[in-house]
Structures are given as C-alpha cells and as structure tokens.
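Participant: Please see the structure below; I have some questions.
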Amino acid sequence: MWSKRFKARSKRKNCKLPYLGMLTSQRTSHVKASSVFVRNFNTTNSLNSLSSITASLSQARQAHAHILKTGLHFETHLTTRLLSLYANHLCFADADLVLDSITEPNLFSFSTLIYACSKTNRFNQVLGLFSRMLCRGLFPDDRVLPNAVKACSGLSNLGAGRQVHGIALVCGFDADSYVGSSLIHMYVKCGQLKDAHKLLGKMPELDVVSWSALIAGYARQGRVSEAKGVFDEMRNRGTEPNLVSWNGLIAGFNQSGCYSESVLMFQKMYLQGFKPDGTSISSVLPAVGNLEDLNMGVQIHGYVIKEGINLDKCVVSALIDMYGKCACSSEISRVFDEMEQLDIGACNALVTGLSRNGLVDEALTVFRQFKGKGMDLNVVSWTSVIASCSQNGKDMEALDLFREMQIAGVKPNSVTIPCLLPACGNIATLMHGKAAHCFSLRSGIFIDVYVGSALIDMYAKCGRIQSSRICFDRMPTRNLVCWNAILAGYAMHGKAKEAKEIFHLMQWSGQKPDFISFTCILAACSQSGLTEEGQYYFNSMSREHGIEVRMEHYACMVTLLGRAGKLEEAYSMIKEMPYEPDGCVWGALLSSCRVHNNMTLGQIAAKQLFKLEPANPGNYILLSNIYASKGKWEEVDKVRGMMKSLGLRKNPGCSWIEVKNKVHMLLAGDKSHPQMTLIIEKLDQLGMEMKRSGYFPSTDFVLQDVEEQDKEQILCGHSEKLAVVFGLLNTRPGSPIRVMKNLRICGDCHVVIKFISHFEGREILLRDTNRFHHFKDGVCSCGDFW
DNA sequence: ATAGGGTTAG
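Residue numbers (the UniProt record's numbering): 1 to 786.
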C-alpha cells in the first residue's frame with residue numbers, strides 16, 4: 001500500500017525528498033505562500049504553508065527564530081515542519097538542534113530526519129536516530145524500517161542488521177514486501193546467503209529483484225551450483241528470471257573467478273531470447289578478457305556496434321580492457337580513439353591496457369596527457385598508473401607518482417597500497433613501506449588480504465622477516481597468496497626451518513599449496529643445502545598434491561642438486577624433463593658447474609645457452625671462468641673471441657659476474673656452506689636492480705667521488721646498497737671495514753652484510769646518517785649514532 | 001544487477 005506509493009514517488013526524477021513534498025497538503029500554493037511569508041511571518045499559518053521543497057534556508061532560519069521567539073516549539077506539528085525544512089537543505093546539525101528542543105517528538109519527527117539521512121547515505125546518523133527513536137518508546141513503521149535496514153547494509157553491519165530484523169519481527173513487519181526485500185538485500189550484502197534464502201522462502205509476495213540479488217550473491221562467492229539452484233527455485237515458484245537476474249549471475253561468476261561459467265551464462269541467456277544490454281556486456285567482457293578468448297570478444301564487439309550500445313561508457317572501457325587482456329594493443333587505441341566523449345573510465349582502461357602489453361612508457365605518456373588536459377583523475381587513475389610502474393620495474397617512478405597523487409589530494413585506498421608496496425620492496429625503502437603500513441592501520445584497510453600479502457612481501461624484501469611474520473600472524477583472513485608470501489619471505493632469507501613449518505602449517509589449516517608454494521619450498525631447501533628434503537617435496541608434487549611440475553621446478557631442482565655437487569644427477573634430470581629445457585634450467589647447471597668447476601658439463605650447458613640466449617654475456621664469462629680455473633688459457637681466449645665477434649662487451653652484467661666471483665673468492669674457505677649460495681642470490685638480485693636502474697657502478701665505485709649535489713639523488717635510490725656491498729667487496733677479508741658516510745642501510749644490503757659478517761667471523765661497523773649498525777657473528781645490533 | 005585498479009615465485 002504505502003510502500004508501493006512511495007516507490008512510485010521515489011522513481012520520479014528531480015524530486016530529492018519525495019515524502020516531504022507529498023506530506024504538504026497545499027502544494028499549489030507553495031510559491032505564493034513563501035513569498036508572502038517573508039513579509040509577514042508572524043502568523044503561524046504562513047509557517048505552516050511553507051513548502052519544504054521550495055523554501056530557502058534563510059526562510060527556514062527565520063521560521064526557526066520565530067518559533068523560538070514565540071515559544072511555539074511546544075507545537076510538535078510546527079517543529080516537525082521545521083525539521084523537514086532543515087533536512088531538505090541537508091543542515092543536519094540544525095535539524096538535530098530542533099529535534100532536541102521538541103519535548104514530545106513523535107514517530108513523524110524521527111522518520112522525517114531518517115528519510116533525509118538515508119537518502120544522502122548518512123548511514124551512521126540513520127542508525128543513531130533509529131536507536132534514539134526506540135529509546136523514546138516509539139515503534140518504527142514499515143516506512144522507517146527499510147531505511148534502517150538500508151543503513152545496516154550500507155555499513156555492512158550484520159549485527160545491527162540482525163537487531164533491526166528482530167525489531168521488524170516484533171512489530172510484525174517482517175513479511176512486508178518492502179521491509180522483507182530490504183532485509184534480503186542486507187543479508188546478501190553481508191554474505192549471509194542462508195539467512196537471505198530463508199527469508200525469501202517466507203515472503204508471500206516474491207519480487208524478481210530480491211531473487212536476483214540472492215543469485216548474484218551466490219555467484220559472487222563462486223557457489224556455482226547454489227546460484228543455479230536459486231535460479232530454478234525462482235522459476236518453480238512462479239517468478240520468471242529477467243535480464244537483471246541473468247546479469248547478476250554473469251557479473252557474480254566473473255567476480256568469483258568462474259570466467260568460463262560467466263561466458264556460458266551469457267551465451268545461455270542470449271539463446272533464451274534475452275537481448276544483452278550494456279550491463280550484460282560490461283559484465284561478461286572482463287571474463288572474456290581473462291579467458292583471453294579474442295574470438296568471443298570480437299563477436300561481442302560486433303554485437304555492440306550492431307545494437308548501437310557503443311556509446312555506453314562502461315561498455316567502451318570494458319572493450320578496451322578486454323582487448324588489453326587479449327594482447328591486442330592496436331585495437332585498444334582504435335576503440336579509444338573512436339570514443340566520442342573522453343571518459344575517465346576509458347582513460348584508466350587505456351593506461352592499464354598499454355602497460356599490460358609492455359607499453360609502459362606509452363601508458364605513462366598517456367597518463368601525463370590526461371593530467372595535462374585537466375581530466376578529473378580519480379583513485380583508479382592514480383592506482384592504475386602506479387601499478388603500471390611497479391609491475392614494470394619502474395619503482396622510483398611509482399613512489400614519485402604516489403607522492404604526486406597525495407599532492408593532488410586523492411586519497412589512496414585498499415587497492416592503491418598493494419600496488420605501491422612491491423615498489424617499496426623492490427628498492428628496499430623500508431621508510432616508504434612503513435609509511436604505507438601506517439596508512440593501512442589508520443584507515444583500517446590492513447585487514448584486506450591483498451594489503452596484508454603485499455606488506456608481508458615488502459617487509460621480507462626489506463630484510464625484516466620478523467615484521468613479515470607479525471603482519472602474517474595478525475591477518476584476520478588468509479588466502480593462498482598470504483601463505484606463499486611468507487613462505488617466499490623465509491625462502492628469501494634462507495630460513496628453511498621456518499619455511500618448512502609454514503608449509504606444513506598451511507596444509508594443516510586446510511590451505512592447499514600451489515605451484516608457487518612449491519617453488520618457494522624448493523628454493524628454501526636449495527639455499528639451505530637440504531638436498532634430500534627438496535627431492536622429497538619435488539617427488540610429492542604430482543603424486544600427493546596433483547600439481548603439474550613446471551619448468552621452474554626443474555630449474556630449482558637443478559640448482560638444488562648442483563649446489564650439492566650432484567652435477568651428473570642434475571644433468572640427467574634435465575635430460576629426463578618432459579619439456580624442452582629453457583635458459584633458466586641450463587643457466588642453473590652452468591652456474592653450478594662454475595661453483596664446482598666442472599668443465600665437461602659446463603661446456604654442455606654453455607653450448608645450449610649460447611643457442612638460447614646468444615646475447616647474454618654472463619654465460620660466456622661463466623664458461624671462461626671455468627676454463628680459467630683449469631688453466632685452459634687458450635679456451636679462455638676462444639670464448640673471449642666469441643664474445644668479441646658477437647659484439648658483446650663487458651656490460652654491467654659482465655662486471656656483475658666479476659663481483660660475484662669476487663664474493664666466491666671472499667668466501668672461498670666455505671664454498672659448500674649453504675648460506676653462501678644465498679648471498680650469491682642476493683647479489684644476483686642486486687645485479688638485476690643495477691641493470692634495471694641504468695646506474696652502473698664499477699667495482700671500485702666509491703660514493704665519495706660523487707658530486708655533492710648528486711649525492712642525495714643517488715642516496716634516496718637503490719645505489720646505496722650497491723655502494724655498501726661494493727665497498728665491502730673491495731676490502732680484504734679480515735681487514736677492518738671502513739666506515740661509510742651518509743649512507744642509509746636497509747633491506748637487501750642489511751641481509752648481505754649480515755651474512756658476510758657471519759661467514760668471515762669479523763665485526764663490521766657501518767654508519768647510517770644517524771644510526772650505527774654493528775654486525776657480529778651474523779647478528780646486527782643498531783643504535784643511535786654517538 | 002552496474003566497469004575501471006590489486007598481493008605471492010622465476
């Protein structure tokens with residue numbers, strides 16, 4: 001009855017507060033009455049006839065003053081009208097004041113304000129007013145209840161939602177169609193699908209929207225069979241699914257990662273005679289993109305053009321996104337250029353699409369253009385461009401853009417932080433990482449699994465594995481990625497014991513490991529020399545866990561066996577591999593051969609590598625080093641000649657190999673020590689950074705040579721770590737380490753120095769800008785500098 | 001019912 005009327009009213013556009021207008025009896029005389037009112041508002045009648053829609057704020061204030069002056073605030077009827085005037089102008093503080101002054105507020109007073117707050121999404125205020133109303137002994141009606149429920153779903157506050165449900169039961173409104181459907185939506189929003197389902201069963205009138213919401217809810221949780229079940233149930237109970245129901249199903253499957261289901265439903269819908277609209281298209285296209293089904297994508301694009309829905313902004317950005325995922329960079333730009341009006345969503349899709357296809361610089365240029373044109377860049381725009389940088393090795397740029405974003409006054413969210421954190425980890429700027437962590441704690445987004453996993457990874461890469469563990473332990477929910485991140489952290493730090501613990505804890509808690517988990521555990525075993533255990537895990541992969549053994553696992557095993565000196569075994573494993581071995585696998589063998597100076601196998605590996613990666617100078621250097629160790633100087637010259645004829649020079653990568661060899665020499669006393677290989681790997685990581693950064697220090701690099709004005713620029717980047725490591729490498733074992741000035745010591749550098757101190761059994765004292773770091777027996781103590 | 005941005009290994 002009333003609710004139906006209300007619904008019809010609310011659908012009218014340009015009518016912000018439908019009820020308030022409706023409640024005024026003399027609609028036609030509003031304008032006239034209000035103009036008269038200013039001149040002579042002494043009569044209560046003119047106040048009464050003041051329209052809540054057309055009256056200005058100053059008129060409302062005048063009326064307020066009049067009421068106070070004349071002591072009319074005991075007239076509940078008048079004060080309630082004033083309340084609606086203020087509410088209409090969104091002056092909630094004034095409205096509250098009026099409400100407090102009413103001696104006997106009635107249901108009408110409260111509902112007036114509740115409607116206004118609900119319309120403007122002031123959910124906390126709605127609930128506050130609702131509870132104040134209850135405290136007054138006033139029972140809500142079927143108009144207030146749905147607004148209270150809506151507030152609970154807006155806040156995702158299940159507890160409050162259940163309480164309101166209880167009140168609805170007491171008041172006998174739970175079977176009311178409007179109250180009921182709002183409760184169903186609330187339960188779906190809070191993920192309580194069983195409750196929603198139960199309630200739906202009790203409803204005498206069944207509406208297609210509530211059914212659709214439940215279907216989408218099941219689909220979003222990836223509960224395929226239940227979603228389909230509700231679909232059938234709906235039909236059996238006499239409600240035919242409409243386009244909305246289908247769209248919900250398609251969008252839900254897509255969100256839960258059931259991409260092929262999503263596309264399948266789209267096709268089914270089409271075959272049943274439904275005409276896909278813009279929403280259907282923009283719901284199915286991400287799934288098509290994730291499946292990289294270009295054929296299907298092109299067909300849908302054709303349909304879009306035929307039906308003329310290519311003006312829909314969502315459809316355009318979904319098309320750009322789909323072509324980006326299908327690696328069609330030419331199509332991305334075409335669709336974008338054909339767009340009539342520049343839309344921020346499409347711009348964001350373009351940036352992501354370009355960066356996904358390796359066109360990072362283009363993505364950055366495009367972003368700069370949008371910014372220059374004065375486009376209204378939102379969180380997604382900034383997050384997209386930060387992600388493009390951090391995913392493509394442009395870590396410094398990512399941090400710079402983050403700073404720029406903050407200057408622009410755009411607040412980061414729970415997606416921005418996981419995009420930024422890998423950049424912090426990659427260059428080990430603990431300071432920035434910690435700042436992001438603090439932000440997550442303050443804004444409450446630390447409970448997000450993506451944020452948590454990224455924090456674990458960042459701390460591990462900054463050399464703070466304990467902090468990683470703390471983040472891990474404090475996560476309210478964990479998924480596969482969280483487990484893998486902490487596992488990778490322990491592997492990175494050479495903590496095989498902890499890695500094994502995590503690996504078993506993970507399975508014990510019901511989380512199945514995947515191929516990444518195995519890469520981590522194999523790497524951990526390999527770094528700690530746990531050959532047999534590594535082999536055990538490797539063998540259990542397909543046998544016990546049903547996980548396909550990939551190329552990278554073979555590469556791990558070659559490294560594992562190679563480090564243990566079992567080079568023949570490593571070689572036979574390569575020969576037995578079901579795949580054609582790639583550069584990583586042969587590279588692992590060649591590196592192991594260099595460690596053990598095995599010439600025969602080294603030659604075999606090098607031969608393959610020369611074919612697979614002819615332009616990688618590192619392979620030539622490794623082989624020549626093996627020859628050199630055997631005193632085969634003619635062979636050394638031959639390899640050098642090969643390099644020369646190929647035009648390969650000792651690039652930074654080459655000098656890096658020299659550094660690596662220097663570490664070998666430094667640690668020559670304990671070649672087989674498990675931790676040594678970890679250092680080599682750490683150095684490899686640094687080498688990668690060196691290559692990426694385009695900044696190539698030579699082995700005798702000293703920071704003191706740098707011009708004063710450039711120093712700060714270099715120091716805030718990653719070169720500091722390299723400088724420290726190079727500095728260390730240039731000293732003879734046993735000699736005191738010279739104190740370096742104005743360096744910040746963090747992350748990888750910390751790890752490397754710690755291990756060097758451990759192996760050489762010497763004390764190292766380094767100073768930061770304001771702290772000292774004392775390394776002894778692999779333990780570092782920090783303190784404020786004298 | 002409604003896009004667009006996301007974490008882990010190598």
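We put the beta carbon where it would ideally sit given N, CA and C, even for glycine.
Alpha helix (DSSP H) containing Met643: first to last residue?
Facilitator: Segment Trp633 to Ser645, the alpha helix (DSSP H) holding Met643.
Participant: Buried or exposed: which applies to Pro581, given that a residue is buried once 16 or more other Cβ atoms fall within 10 Å of its Cβ?
Facilitator: Label assigned to Pro581: buried.
Participant: Helix or strand or just coil, what does DSSP make of His545?
Facilitator: Looking at His545 - three-state DSSP - the assignment turns out to be helix.
Participant: Sort Asp448, Gly489, Glu501 and Ala496 by Cα distance to Pro476 and report the nearest one.
Facilitator: Ranking Asp448, Gly489, Glu501 and Ala496 by Cα distance to Pro476 puts Asp448 first.
Participant: Can you tell me whether DSSP reads Gly297 as helix, strand or coil?
Facilitator: Reduced to three states, the DSSP call for Gly297 is helix.
Participant: Quick one: Cα of Val315 to Cα of Tyr303, how far?
Facilitator: Val315 and Tyr303: Cα-Cα distance of roughly 12 Å.
Participant: Between Phe701 and Met396, what straight-line distance do the alpha-carbon atoms span, to the nearest angstrom?
Facilitator: With a pLDDT of only 30 at Phe701, under 50, the local geometry of the prediction cannot be trusted, and no value is derived from it.
Participant: Relative to the C-alpha of Ala87, which candidate in Leu99, Ser245 and Tyr554 has its C-alpha closest?
Facilitator: Among Leu99, Ser245 and Tyr554, the Cα nearest to that of Ala87 belongs to Leu99.
Participant: Tell me the residue span of the alpha helix (DSSP H) that contains Ile250.
Facilitator: Segment Leu243 to Gln255, the alpha helix (DSSP H) holding Ile250.
Participant: State the DSSP-derived secondary structure class of Cys152, mapped to helix, strand or coil.
Facilitator: Helix at Cys152.
Participant: What is the DSSP secondary structure of Glu613, counted as helix, strand or coil?
Facilitator: In this structure, Glu613 counts as coil in the three-state DSSP scheme.
Participant: Would you check if the distance between the CB atom of Ile417 and the CB atom of Phe402 is smaller than 7 Å?
Facilitator: It is not a contact, given that the beta carbons lie outside the stated cut-off.
Participant: What residue does the alpha helix (DSSP H) around Tyr569 start on, and which one ends it?
Facilitator: According to the sequence displayed, residue 569 carries Glu and not Tyr. Per DSSP, Glu569 belongs to the alpha helix (DSSP H) from Leu567 to Glu576.
Participant: For the putative contact between Ile456 and Gly489, defined by C-beta atoms under 8 Å, what is the C-beta separation to the nearest angstrom?
Facilitator: Between Gly489 and Ile456 the Cβ distance is about 6 Å, and since that is below 8 Å, they are a contact.
Participant: Can you give the Cα-Cα distance for Gly546 and Lys575, rounded to whole angstroms?
Facilitator: Whole-angstrom Cα-Cα distance: 23 Å.
Participant: Grab the span of the alpha helix (DSSP H) containing Tyr259 for me, first residue to last.
Facilitator: Element bounds for Tyr259: Tyr259 to Leu271.
Participant: Are Leu113 and Ala151 touching if we call contact CB-CB under 7 Å?
Facilitator: Going by C-beta atoms, Leu113 is not nearer than 7 Å to Ala151.
Participant: How should Thr559 be labelled, buried or exposed, when 16 other C-beta atoms within 10 angstroms of its C-beta is the threshold for buried?
Facilitator: Buried is the call here.
Participant: Hey, how far is the Cα of Asp176 from the Cα of Asn124?
Facilitator: Each residue's alpha carbon lies about 24 Å from the other.
Participant: Which stretch, first to last residue, makes up the alpha helix (DSSP H) that contains Arg563?
Facilitator: Counting along the chain, the alpha helix (DSSP H) containing Arg563 begins and ends at Met551 to Arg563.
Participant: Roughly how many angstroms lie between the CA atoms of Pro204 and Pro412, to the nearest whole one?
Facilitator: Distance between the alpha carbons of Pro204 and Pro412: 45 Å.
Participant: Using 10 angstroms around the beta-carbon of Leu214, count the other beta-carbons present and answer buried if the total reaches 16, otherwise exposed.
Facilitator: Buried, by the Cβ-count rule.
Participant: For His664, collect the residues of the same chain with a Cβ closer than 7 Å to its Cβ; drop the 5 residues on either side in sequence, then sort them by chain order.
Facilitator: With a pLDDT of 46 at His664, under the threshold of 50, the modelled position of this residue cannot be trusted; read the value that follows with caution. Counting only Cβ-Cβ distances below 7 Å, and skipping sequence neighbours, we find nothing.
Participant: Starting from the Cα of Ser542, find the closest Cα among Pro513, Glu568, Glu569 and Ala555 and give me that residue.
Facilitator: With distances taken between Cα atoms, Ser542 lies closest to Pro513.
Participant: DSSP state of His89, grouped into three classes?
Facilitator: Of the three classes helix, strand and coil, the one that applies to His89 here is coil, per DSSP.
Participant: Do the CB positions of Ser210 and Ser181 come within less than 7 Å of each other?
Facilitator: Yes, they are a contact pair.
Participant: Restricting to Cα atoms, I'd like to know which of Lys638, Ser101 and Leu57 is closest to Gly71.
Facilitator: Out of Lys638, Ser101 and Leu57, Ser101 has the C-alpha closest to the C-alpha of Gly71.
Participant: Which of helix, strand or coil does DSSP assign to Ser719?
Facilitator: A caution first: Ser719 carries a pLDDT of 36, below 50, which makes its placement in the model unreliable, though a value can still be read off. Helix.
Participant: In chain order, what residues of the same chain lie with their CB nearer than 8 Å to the CB of Trp633, ignoring the 5 residues before and after it?
Facilitator: The answer, listed in chain order, is Tyr627.
Participant: Taking just the CA atoms, how far does Gly166 sit from Ala148?
Facilitator: Ala148 and Gly166: Cα-Cα distance of roughly 12 Å.
Participant: Give the DSSP-derived three-state secondary structure of Leu82 in the structure shown.
Facilitator: Leu82: helix per DSSP, three-state reduction.
Participant: Counting along the chain, where does the alpha helix (DSSP H) carrying Tyr178 start and finish?
Facilitator: It spans Ser177 to Lys189 - the alpha helix (DSSP H) in which Tyr178 sits, taken as one unbroken run.
Participant: Taking DSSP as the reference, what is the three-state secondary structure of Asn426?
Facilitator: Correct three-state label for Asn426: helix.
Participant: Return the first residue and the last residue of the alpha helix (DSSP H) that Ile102 is part of.
Facilitator: Element bounds for Ile102: n/a, residue is neither H nor E.
Participant: Given this structure, state the Cα-to-Cα distance separating Ser360 from Cys326, to the nearest angstrom.
Facilitator: One detail in the question is off: residue 360 reads as Val in this sequence, not Ser. Val360 and Cys326: Cα-Cα distance of roughly 17 Å.
Participant: What does the Cβ neighbour count give for Gln369, buried or exposed, with the cut at 16 atoms within 10 Å?
Facilitator: It is exposed - the Cβ of Gln369 has fewer than 16 other Cβ atoms within 10 Å.
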